[in-house]
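Everything below concerns the one structure shown next.
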Amino acid sequence: MTGTELLMNITPQESRVALVENGIVTELHLERSRRRGLVGSIYKGRVCRVLPGMDAAFVDVGLDRTAFLHASDVAPVEREELCNNGDPCRRHESISQLLREGQELLVQVIKDPLGSKGARLTTYVTVPSRHLVLMPNQANIGISTRIEDDGTRSRLRETMERLRGEYAPEHGFIVRTAAELADEGALQNDVIFLKKLWDTLQESAANCEAGQEIHADLPLVLRILRDMVGVELERIRIDSRETWQKVREFAERYIPELTDRIEHYPGERPIFELFNVEEEIQRALERKVELKSGGYLIFDQTEAMTTVDINTGGFVGHRNLEETIFKTNLEAAQAIGRQLRLRNLGGIIIIDFIDMQDEEHKRQVIRALERALERDHAKCQICDVSPLGLVEMTRKRTRDSLEHLLCEPCPTCGGRGYLKSAETVCYELFREILREARQYDAKELRVLASQSVIDLLLDEESSSLAELQEFVGVPIRFQVETLYQQEQFDVVFV
Numbered sequence: 005m006t007g008t009e010l011l012m013n014i015t016p017q018e019s020r021v022a023l024v025e026n027g028i029v030t031e032l033h034l035e036r037s038r039r040r041g042l043v044g045s046i047y048k049g050r051v052c053r054v055l056p057g058m059d060a061a062f063v064d065v066g067l068d069r070t071a072f073l074h075a076s077d078v079a080p081v082e083r084e085e086l087c088n089n090g091d092p093c094r095r096h097e098s099i100s101q102l103l104r105e106g107q108e109l110l111v112q113v114i115k116d117p118l119g120s121k122g123a124r125l126t127t128y129v130t131v132p133s134r135h136l137v138l139m140p141n142q143a144n145i146g147i148s149t150r151i152e153d154d155g156t157r158s159r160l161r162e163t164m165e166r167l168r169g170e171y172a173p174e175h176g177f178i179v180r181t182a183a184e185l186a187d188e189g190a191l192q193n194d195v196i197f198l199k200k201l202w203d204t205l206q207e208s209a210a211n212c213e214a215g216q217e218i219h220a221d222l223p224l225v226l227r228i229l230r231d232m233v234g235v236e237l238e239r240i241r242i243d244s245r246e247t248w249q250k251v252r253e254f255a256e257r258y259i260p261e262l263t264d265r266i267e268h269y270p271g272e273r274p275i276f277e278l279f280n281v282e283e284e285i286q287r288a289l290e291r292k293v294e295l296k297s298g299g300y301l302i303f304d305q306t307e308a309m310t311t312v313d314i315n316t317g318g319f320v321g322h323r324n325l326e327e328t329i330f331k332t333n334l335e336a337a338q339a340i341g342r343q344l345r346l347r348n349l350g351g352i353i354i355i356d357f358i359d360m361q362d363e364e365h366k367r368q369v370i371r372a373l374e375r376a377l378e379r380d381h382a383k384c385q386i387c388d389v390s391p392l393g394l395v396e397m398t399r400k401r402t403r404d405s406l407e408h409l410l411c412e413p414c415p416t417c418g419g420r421g422y423l424k425s426a427e428t429v430c431y432e433l434f435r436e437i438l439r440e441a442r443q444y445d446a447k448e449l450r451v452l453a454s455q456s457v458i459d460l461l462l463d464e465e466s467s468s469l470a471e472l473q474e475f476v477g478v479p480i481r482f483q484v485e486t487l488y489q490q491e492q493f494d495v496v497f498v
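Quick note on numbering: the working numbering labels position 464 of the sequence shown as 468, and the sequence is numbered without any gaps.
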């Protein structure tokens, strides 16, 4: 497989989309019918609690958990006085000045609920189309920074100023990257469509109760097509005839240039299995990522950040140590760029490259990481190598990572990744017996524990057990509980 392709695997329970670049899976998107993503959805919410200490408020939008709205995401109050440049001043208002409990307002989800946190909201509502993004009640025109040609930017700005003044003078617009080659007719159609959609949304909001959804973003398969701006897709393969028909109709209306590239995959072998996507999904859930040279990466997700550690592993190089380290770090930088997209890792990311002495090597490794992230749709910011040899970066996070979507914490270790050893549990058990023996008068003591703990007690710890039994003066009996995890035990006095 060459070029860039989209593979879509559709079932009634979930939709999965894989972006494949030159035969390599670089992005995975998943949406389940029982738990659709909320980013982009618009709700009529009610403020249920204002928190001045956090400069934020909790808003009830009808979800399981109340959503979070920070003061910086609330449209500020306009002041009549003018700033030095003659424009109206916008002063920062505290959350108590902006909102009150019980107030109803229109909000949009900008971050899905992640872990124990509720959704993140904004009152700066935006409505996207293929070429434009509508910014209601704002007066500015923005142009995507990915459109770099000055002549094109000037043409688009002039066209949009004219269209805005004619059809939607009270609203602002952002011109998306996909509009770089769009003519005035296409932009005009989008302006009219977005204006009508916004009027419909306002009417719906006025006639519904707080806590209801006003507008949901497109389903995954259509949203992916809309947002793949600037990506030259050679082919889109879909294994569901019904979805293929819907995608074609959507493309004919909004993205006609893609219509001929949309194919129905009728094969009996699952499409994700045929192109090794299933195998990539399994590998993306593992901590360890093998490099071709013999080195490897270790990914660890925590609540606060994601850490990436690079090791030379079996790679011994051919010239000298510095050259070996440099080549491993270069290969690691390319692999990390792909893995961040594949695993959809976001937030703060700390990369521990192998220590390099040569400043030029450090610069080239950072540049290799930047190149690997150039095609990433999520906004990334990379810092230089720190004095400790670490690279700090951030990647915008709006949805759960692949691991959080597909996995849940281990019920045995609680997500720690470790269990107390049988030896540790034995010694805890000894202390519990001593503590209980001082408080209760019993004829016999019974220990309920897992097989591994009792085996250790009766074998390697038998002498210690005999001394303890003599000290407490009570016979100790043992009972294996097959349902107990290694850390579990009970001491029962009879």
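Ideal placement from N, C-alpha and C gives every residue a C-beta, glycine not left out.
Model, not experiment: these values are computed from the prediction.
| Asked | Found |
| --- | --- |
| Given 8 Å, three or more beta-carbon pairs between the stretch 250-268 and the stretch 20-34 | no |
| Identity of the residue in Ala382, Glu326 and Leu373 nearest Glu363 by Cα | Glu326 |
| Assigned secondary structure, Asn315 (DSSP; H/G/I helix, E/B strand, else coil) | strand |
| CA nearest to the CA of Leu406, picked from Thr8, Pro16, Leu125 and Glu35 | Glu35 |
| Assigned exposure category for Lys447 - 16 Cβ within 10 Å defines buried | exposed |
| For Met397, the residue or residues it bridges with in DSSP | Ile353 and Ile386 |
| Helix, strand or coil at Pro260 [DSSP, three-state] | helix |
| Met139 in three-state terms, based on DSSP | strand |
| Cβ-based neighbour list, Asn348, same chain, cut-off 7 Å, excluding 5 preceding and 5 following | Arg403, Ser405 and Leu406 |
| Bounding residues of the alpha helix (DSSP H) (the contiguous stretch that carries Glu407) | Leu406 to Leu410 |
| Separation of Asp264 from Pro140, as counted between CA atoms | 35 Å |
| From Ala214, Val395 and Asp445, residue whose alpha carbon lies closest to that of Thr311 | Val395 |
| Inter-residue Cα distance where the pair is Val131 and Leu198 | 7 Å |
| Distance CB(Asp388)-CB(Leu452) smaller than 8 Å | no |
| Close Cβ partners of Ala441 (< 7 Å) along its chain, the five nearest in sequence each way excluded | Val476 and Val478 |
| Leu423 and Glu491 closer than 8 Å at C-beta | yes |
| For Gln101, the three-state DSSP class (helix, strand or coil) | helix |
| Coarse secondary structure for Thr127, derived from DSSP in three states | coil |
| Cβ distance (whole Å) where His219 is taken to contact Arg180 below 8 Å | With 8 Å as the limit, His219 and Arg180 do not qualify as a contact, their Cβ atoms being about 19 Å apart. |
| Rounded C-alpha distance that separates His33 from Lys250 | 18 Å |
| Gln112 versus Val65 - alpha carbon distance | 10 Å |
| Alpha carbon of Ile228 to alpha carbon of His175, nearest angstrom | 26 Å |
| Own chain partners of Val281 with C-beta closer than 7 Å, once the 5 adjacent residues on each side are dropped | Leu11, Ala22 and Val29 |
| Validate contact between the stretch 266-277 and the stretch 42-60 using beta carbons, cut 8 Å, 3 pairs | no |
| Same chain only: Cβ atoms within 6 Å of Ile458, ignoring 5 sequence neighbours per side | Phe482 and Val484 |
| At least three beta-carbon pairs within less than 8 Å, the stretch 100-118 to the stretch 142-150 | no |
| Residue of Ala470, Glu427, Ile437 and Lys115 minimising C-alpha distance to Gln455 | Glu427 |
| Three-state secondary structure (DSSP) of Asp459 | helix |
| Ile340 beta carbon less than 8 Å from that of Leu295 | no |
| Gly90 versus Glu170: straight-line alpha-carbon distance, rounded | With a pLDDT of 45 at Gly90, under the threshold of 50, the modelled position of this residue cannot be trusted; read the value that follows with caution. If I take the Cα positions, the gap works out to 25 Å. |
| Cross-strand partners of Lys121 (DSSP beta bridge) | Leu118 |
| Ala415 versus Lys400 - alpha carbon distance | Here the sequence assigns Pro to residue 415, which means Ala is not the residue at that position. Distance between the alpha carbons of Pro415 and Lys400 is about 30 Å. |
| Burial state of Arg94 (16 or more Cβ within 10 Å) | Because Arg94 sits at a pLDDT of 49, beneath the cut-off of 50, its placement in the model cannot be relied upon, and the point is left open. |
| Beta-carbon proximity of Ser392 to Val369, cut-off 8 Å | It should be noted that the sequence gives Leu, not Ser, for residue 392. No, the pair does not count as a contact, with Cβ atoms beyond the cut-off. |
| Status (buried if at least 16 other CB within 10 Å, exposed otherwise) for Ala376 | buried |
| As assigned by DSSP and simplified to three states, the class of Gln489 | coil |
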